[in-house]
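If you want the working numbering, it's the 1-based position in the sequence shown plus 1492. Using N, Cα and C, we set each Cβ at its ideal position, and we do this for glycine too.
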Amino acid sequence: MILRVYLKKLFLLLGCLLLYSNLMSAKDHIQMKLKDGNVIIKLRPDLAPNHVKRISELVNSGFYDGLVFHRVIDGFMAQGGDPSGNGTGGSGQNIDAEFSSEKHVRGTVSMARAMDPNSADSQFFICFQESSWLDGQYTIWGQVIKGMKFVDMIKKGEGGNGEIVGEPDKIIKMKLVTVKTKSKK
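See below:
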């Protein structure tokens, strides 16, 4: 009898631990492999849940693998995520805007769009530095937390409006990952 009660409590405890570990191991970051190194992007579902969901679907499907950074403006941002490679394409599924009061700072990952606020699709950009004129007008869905030096190394555009002349740098691979954080003691 005592053994049975003990085993029930043990199984209940193990079940709770398993549930907790599954919640804590959610893939809440993107690893973006570039030619010079890996970039880790922390997803921000608290700011843009629908964008994070859609970006995660695209990452899981391999959509971004091999796509180029077609527009890179030194001192401003690097833009990619267009399968046509020239800024005119996307996945074919627009996402309604999820603007927030979050600031566009160095390492911010935000959705590119046309004039229509609800025209974001698959193209995104990473800010090289603070870009406050974008605040509240573009959906922020991530933040580079590691490897910003590799973002800085993306080939800069020499054409009009930051278009790449010659061979642009590519996203080699993007995948969802779990980043374990050190617990505070």
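Cα-Cα separation, residue i to residue j
i       : j       : result
Ile1533 : Ile1565 : 20 Å
Arg1605 : Lys1672 : 32 Å
Ile1547 : Ser1614 : 7 Å
Lys1647 : Gly1577 : 14 Å
Gly1584 : Phe1617 : 18 Å
Gly1658 : Thr1580 : 18 Å
Trp1625 : Pro1609 : 15 Å
Leu1559 : Phe1620 : 20 Å
Arg1598 : Val1531 : 14 Å
Ile1663 : Gly1639 : 14 Å
Lys1623 : Gly1651 : The identity of residue 1623 in the sequence shown is Ser, whereas the question assumes Lys. When rounded, the distance between both Cα atoms is 21 Å.
Ala1612 : Ala1518 : 25 Å
Ile1637 : Leu1535 : 10 Å
Ser1553 : Gly1573 : 13 Å
Phe1555 : Gly1582 : 10 Å
Gln1523 : Pro1537 : 16 Å
Phe1642 : Asp1588 : 30 Å
Gln1629 : Thr1670 : 29 Å
Buried or exposed by the 16-neighbour rule on C-beta atoms within 10 Å, applied to residue i
i       : result
Glu1601 : Residue 1601 is actually Val in this sequence, not Glu. With 16 or more Cβ atoms within 10 Å of its Cβ, Val1601 is classed as buried.
Pro1660 : buried
Met1603 : buried
Met1607 : exposed
Gly1567 : exposed
Ala1570 : buried
Gly1649 : buried
Gly1654 : buried
Met1516 : Residue placement at Met1516 is poorly supported in this model, since its pLDDT is 41, which falls under 50; the coordinates still yield a value, given next. So Met1516 counts as exposed.
Glu1549 : exposed
Residue interval of the beta strand (DSSP E) (run including residue i)
i       : result
Asn1530 : Gly1529 to Leu1535
Val1560 : Counting along the chain, Val1560 falls outside any beta strand (DSSP E), and DSSP gives it neither H nor E.
Lys1647 : No beta strand (DSSP E) holds Lys1647; DSSP gives it neither H nor E.
Val1657 : Per DSSP, Val1657 belongs to no beta strand (DSSP E) and is neither H nor E.
Val1601 : Thr1600 to Met1603
Ala1570 : Met1569 to Gly1572
His1521 : His1521 to Leu1526
Gln1635 : Ile1632 to Lys1638
Presumed contact (8 Å Cβ cut-off) between residue i and residue j, rounded CB distance
i       : j       : result
Lys1665 : Asp1557 : 5 Å
Asp1644 : Lys1595 : The pair is not a contact, with the Cβ atoms about 19 Å apart (cut-off 8 Å).
Ile1656 : His1562 : 6 Å
Ser1592 : Leu1539 : 5 Å
Opening and closing residue of the alpha helix (DSSP H) in which residue i lies
i       : result
Ser1553 : Pro1541 to Ser1553
- prompt: Do three or more CB pairs link the stretch 1629 to 1641 to the stretch 1543 to 1552 at distances below 8 Å?
  reply: Result yes; three or more Cβ-Cβ pairs closer than 8 Å.
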